[in-house]
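Structure record follows, encoded as structure tokens.
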Amino acid sequence: MSRYLTAVKVGDYVDIFADPAVHKGMPHKFYHGRTGIVFNVTKSAVGVRVNKFVNGRIIEKRIHVRIEHIRKSKCQKEILARKVENEKLKDEARKTGEKVNLKRTPKLPKAGYYLPKAGDDGVITTIQTLPFSDLL
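Count along the sequence shown starting at 1, add 3, and that's the number in my numbering.
Right under this line is the structure:
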């Protein structure tokens with residue numbers, strides 16, 4: 004029941020997941036798992052713009068899918084959270100008068116370290132390979 008009551012507005016990002024229990028308004032198998040933007044809302048269906056790769060080019064397809072086959076997408080969650088955090092950092096920077104870096108930085112490599120000495124006496128032991136011996 005909650006699936007029918009989800010509020011979807013024009014411009015929302017939605018994921019298309021075909022619900023096999025409901026056959027009406029089911030999208031084609033190509034669109035299963037795709038993310039699109041809502042362009043139209045009717046009483047029982049939603050119009051979604053989805054990109055499709057056809058013969059080396061990307062075409063924007065407009066499909067209508069019943070609400071049972073739609074989920075709100077979480078693809079914008081991280082972007083919106085970062086936007087709110089950046090606004091807070093900007094406000095603090097304006098108050099203090101210092102410059103703040105808002106760019107995302109890639110994960111840096113781990114710091115280097117030295118391994119402890121080998122053995123208790125500190126002498127490095129070398130291992131030699133055994134010569135080949137035929138067992139027959």
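Using N, Cα and C, we set each Cβ at its ideal position, and we do this for glycine too.
Euclidean distance between Cα positions of L92 and G28: Residue mapping note: residue 92 aligns to position 89 of the sequence shown, counting from 1. Residue mapping note: residue 28 aligns to position 25 of the sequence shown, counting from 1. Each residue's Cα considered, the two are about 46 angstroms apart.
Residues bridged to K75 [DSSP beta-bridge criterion]: Numbered from its first residue, the sequence shown carries residue 75 at position 72. Paired residues: V17.
Distance between N89 and K102 (C-alpha atoms, nearest Å): Locating residue 102 in the sequence shown gives position 99, counting from the first residue. Locating residue 89 in the sequence shown gives position 86, counting from the first residue. Answer to the nearest angstrom: the Cα atoms are 13 angstroms apart.
In DSSP terms, what T132 is bridged to: In the sequence shown, counting from the first residue as 1, residue 132 sits at position 129. Listed as beta-bridge partners of T132 by DSSP are no residues whatsoever.
Selected residue, minimal CA-CA separation from K75, among K86, A48, R52 and G39: Here residue 75 refers to the residue found at position 72 of the sequence shown. Looking at K86, A48, R52 and G39, the one whose alpha-carbon comes closest to that of K75 is G39.
Same chain, Cβ closer than 8 angstroms to A48, neighbours up to 5 away in sequence not counted: Numbered from 1 along the sequence shown, position 45 holds the residue referred to as residue 48. Within its own chain, the residues whose Cβ lies closer than 8 angstroms to the Cβ of A48, once the five positions on either side in sequence are excluded, are G28, H67, V68, R69 and I70, listed in chain order.
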